[in-house]
Amino acid sequence: MRVLLVGAGGVGTAVTRIAARRAFFDLMVVADHDLARAEAAVAALGQDGSRFRAERVDAADESAVAGLLARHGCDVLFNATDPRFVMPLFRAARAAGVTYLDMAMSLSRPDPERPYEVCGVKLGDEQFAHTADWAEAGALALVGMGVEPGLSDVFARYAADELFDEIEEIGVRDGANLTVDGYDFAPSFSIWTTIEECLNPPVVYEAGRGWFTTEPFSEPEVFDFPAGIGPVECVNVEHEEVLLVPRWVTAGRVTFKYGLGREFIETLRTLHLLGLDRTEPVTVPGADGPVAVSPRDVVAACLPDPATLGGRMHGKTCAGTWVRGTKDGAAREVYLYHVVDNEWSMAEYGCQAVVWQTAVNPVVALELLATGAWSGSGVLGPEAFPPRPFLDLLTAYGSPWGVREQ
Numbered sequence: 001m002r003v004l005l006v007g008a009g010g011v012g013t014a015v016t017r018i019a020a021r022r023a024f025f026d027l028m029v030v031a032d033h034d035l036a037r038a039e040a041a042v043a044a045l046g047q048d049g050s051r052f053r054a055e056r057v058d059a060a061d062e063s064a065v066a067g068l069l070a071r072h073g074c075d076v077l078f079n080a081t082d083p084r085f086v087m088p089l090f091r092a093a094r095a096a097g098v099t100y101l102d103m104a105m106s107l108s109r110p111d112p113e114r115p116y117e118v119c120g121v122k123l124g125d126e127q128f129a130h131t132a133d134w135a136e137a138g139a140l141a142l143v144g145m146g147v148e149p150g151l152s153d154v155f156a157r158y159a160a161d162e163l164f165d166e167i168e169e170i171g172v173r174d175g176a177n178l179t180v181d182g183y184d185f186a187p188s189f190s191i192w193t194t195i196e197e198c199l200n201p202p203v204v205y206e207a208g209r210g211w212f213t214t215e216p217f218s219e220p221e222v223f224d225f226p227a228g229i230g231p232v233e234c235v236n237v238e239h240e241e242v243l244l245v246p247r248w249v250t251a252g253r254v255t256f257k258y259g260l261g262r263e264f265i266e267t268l269r270t271l272h273l274l275g276l277d278r279t280e281p282v283t284v285p286g287a288d289g290p291v292a293v294s295p296r297d298v299v300a301a302c303l304p305d306p307a308t309l310g311g312r313m314h315g316k317t318c319a320g321t322w323v324r325g326t327k328d329g330a331a332r333e334v335y336l337y338h339v340v341d342n343e344w345s346m347a348e349y350g351c352q353a354v355v356w357q358t359a360v361n362p363v364v365a366l367e368l369l370a371t372g373a374w375s376g377s378g379v380l381g382p383e384a385f386p387p388r389p390f391l392d393l394l395t396a397y398g399s400p401w402g403v404r405e406q
């Protein structure tokens, strides 16, 4: 397998450090709009970097991406950029005839008249519109294969296959007790993506009703997370699992709730109130004249790079899937989860916990594709594949998962 990894930020860098320990690929080209960042990711691998190459590429330039795929003979395009670049990279992979993998799907657009009741363009709609084209070509686009979405979706399929006869509800629940020394507000993941998913109308799925939306931060609940994290208030947030799980797993209801915390929620609301969550450029004075800038990009530039926070972070992060239903005629309720301790991920990989947890899952998926344990064609989510090989290999990577009876 020869892989083009586009994006050498925190998650992309973590991907290289995890993949360097595995033998399933022959070459991984690390490409970024900032060549120095790609070169730094490769250089940090030292002697383990012999199968890696650094390149510069504009993720929005489909022809340049396709050319880079051809020049290095890559058969997989691994998208580790933010969701703005999903569609150009998705199209570039299809044009080049290679497998595509991402960790977040094409962006949504709220309904202009009833944004908190009905869906407009949903997450992934633009990609799923091309399912027939990919399937007819015998090509695979594996979408939403990070941790959430990704591992959480694998958990949903595993629960359906092995733990339940009927499922009433699937709820992805994400929580942490991470703190960052020296910062009052320092998101542990891309603020651009965090704003997108937290301020958009959350989507809920119900059998018989389909997908619908609610107001941001709706339906608060306190969820007790394992491994000493404890109770965390979680709220509805727009996320890909709600759009993916019902396509392959039968359930009465599907939700995604994130443990944000009151202070974080109020900060996001303030950004929205001031218009600083907008992506459309505004014109501001510059040294050489007026400059058009995106307010959201300004916010991102003012905050610390999440990839650099590992040395200041303490605590654990938990991603998981809560499932309620019946097995052998009896009610059952479980929480399938994956916990990463920041102290461990920093000591073992030099990566903070959130980016490492996001990065390990697509690397596992790549290995399964390389060995043939996973295969398929079309635009497919993680639920479309057998879950047991993935979960077994994740454990073999040194990062076990758990199941807690509720």
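Residue 334 in the working numbering sits at position 334 of the sequence shown, with consecutive numbering throughout. Each residue gets a CB set at the ideal place from its N, CA and C atoms; glycine is no exception.
Checklist entry - Rounded to the nearest angstrom, how far is the Cβ of Phe24 from that of Glu117, given a contact under 8 Å? => result No, Phe24 and Glu117 are not in contact; Cβ-Cβ is about 46 Å, not under 8 Å.
Next on the checklist: For Trp374, which residues in the same chain have their Cβ closer than 6 Å to its Cβ, ignoring the five residues on either side in sequence?
Outcome noted: Leu368 and Phe385
Checklist entry - What number of angstroms, rounded off, separates the C-alpha of Val254 from the C-alpha of Leu336? => result 15 Å
Checklist entry - How would you label Pro407, buried or exposed, when you count the other beta carbons within 10 angstroms and need 16 or more for buried? => result Not covered by the structure: residue 407. The range shown for the chain is 1 to 406.
Item to check | Coil, strand or helix - Ile170 by DSSP | outcome: strand
Item to check | Contact under 8 Å by Cβ, His130 with Val379 | outcome: yes
Item to check | For Val339 and Lys316, believed in contact at Cβ under 8 Å, the rounded distance | outcome: 5 Å
Checklist entry - From Ala93 to Asp184, what distance separates their C-alpha atoms? => result 41 Å
Checklist entry - Of all the beta strand (DSSP E) runs that stay within the bounds of the region 118-145, which reach a length of 3 or more residues? => result 140-142
Checklist entry - For Gly311, is the classification buried or exposed, using 16 other Cβ atoms within 10 angstroms of its Cβ as the cut-off for buried? => result exposed
Next on the checklist: Looking only at its chain, what residues have a beta carbon closer than 8 Å to the beta carbon of Glu383, apart from the 5 residues adjacent to it on each side?
Outcome noted: Asp153, Val154, Ala156, Arg157, Leu244, Val245, Arg247, Trp248 and Val249
Checklist entry - Okay, do the region 213-226 and the region 342-359 touch, 3+ Cβ pairs below 8 Å being the bar? => result no
Item to check | Opening and closing residue of the beta strand (DSSP E) in which Leu77 lies | outcome: Val76 to Asn79
Next on the checklist: Could you give the first and the last residue of the continuous alpha helix (DSSP H) run that contains Glu206?
Outcome noted: Per DSSP, Glu206 belongs to no alpha helix (DSSP H); it is in the beta strand (DSSP E), Val203 to Glu206.
Item to check | Distance between Arg53 and Glu39 (C-alpha atoms, nearest Å) | outcome: 8 Å
Item to check | Sub-8 Å separation of Glu55 and Val76 beta-carbons | outcome: no
Checklist entry - Going along the chain, which residues of its own chain have a beta-carbon closer than 7 Å to the beta-carbon of His272, five neighbours each way excluded? => result Leu199
Item to check | Alpha carbon of Arg17 to alpha carbon of Glu238, nearest angstrom | outcome: 30 Å
Next on the checklist: Under 7 Å: does the beta carbon of Met103 sit that close to some heavy atom of the ligand MN?
Outcome noted: Absence of the ligand MN is noted for the structure shown, with no ligands found whatsoever.
Item to check | Rounded straight-line distance, which links the Cα of Thr358 to that of Arg91 | outcome: 23 Å
Checklist entry - How is the alpha helix (DSSP H) around Tyr248 delimited, first residue to last? => result The question names Tyr, yet the displayed sequence has Trp at residue 248. Note, Trp248: alpha helix (DSSP H), Glu240 to Trp248.
Next on the checklist: I need the DSSP call for Met28, collapsed to helix, strand or coil.
Outcome noted: strand
Next on the checklist: Under 8 Å: do the region 173-188 and the region 67-82 share three or more Cβ pairs, one atom per stretch?
Outcome noted: no
Checklist entry - Considering only residues of the same chain and omitting the five flanking positions on each side of Gly171, which have a CB-CB separation below 7 Å? => result Thr255, Lys257 and Trp322
Item to check | Per DSSP, cross-strand counterpart(s) of Pro410 | outcome: In the structure displayed, the chain extends from 1 to 406; residue 410 sits before or after that span and is not available.
Item to check | Residue interval of the alpha helix (DSSP H) (run including Trp211) | outcome: From DSSP, Trp211 is part of no alpha helix (DSSP H) but of the beta strand (DSSP E) over Gly210 to Thr213.
Item to check | Reduced DSSP category for Cys351 - H, G, I as helix; E, B as strand; rest coil | outcome: coil
Next on the checklist: What would DSSP say about Ala331, mapped onto helix, strand or coil?
Outcome noted: strand
Checklist entry - If you run the structure through DSSP and keep just helix, strand and coil, what is Gly150? => result strand
Next on the checklist: So, under 8 Å CB-CB, Val355 and Pro304 are touching, yes? Tell me the CB distance rounded to an integer number of Å.
Outcome noted: Between Pro304 and Val355 the Cβ distance is about 13 Å, and since that is not below 8 Å, they are no contact.
Checklist entry - Nearest to Arg404 by alpha carbon, out of Leu69, Val334, Val11 and Ala137? => result Val334
Item to check | Distance, Gly150 Cα to Gly402 Cα | outcome: 16 Å
Item to check | Residue range of the alpha helix (DSSP H) that includes Thr269 | outcome: Just to set this straight, residue 269 is Arg in the shown sequence, not Thr. Where Arg269 is concerned, the enclosing alpha helix (DSSP H) stretches over Arg262 to Leu273.
Checklist entry - Less than 8 Å separating the beta-carbons of Phe390 and Val360? => result no
Next on the checklist: Check for me: the beta strand (DSSP E) holding Val293 runs from which residue to which?
Outcome noted: Val291 to Val293
Item to check | CB of Arg173 within 8 Å of CB of Gly320, strictly | outcome: yes
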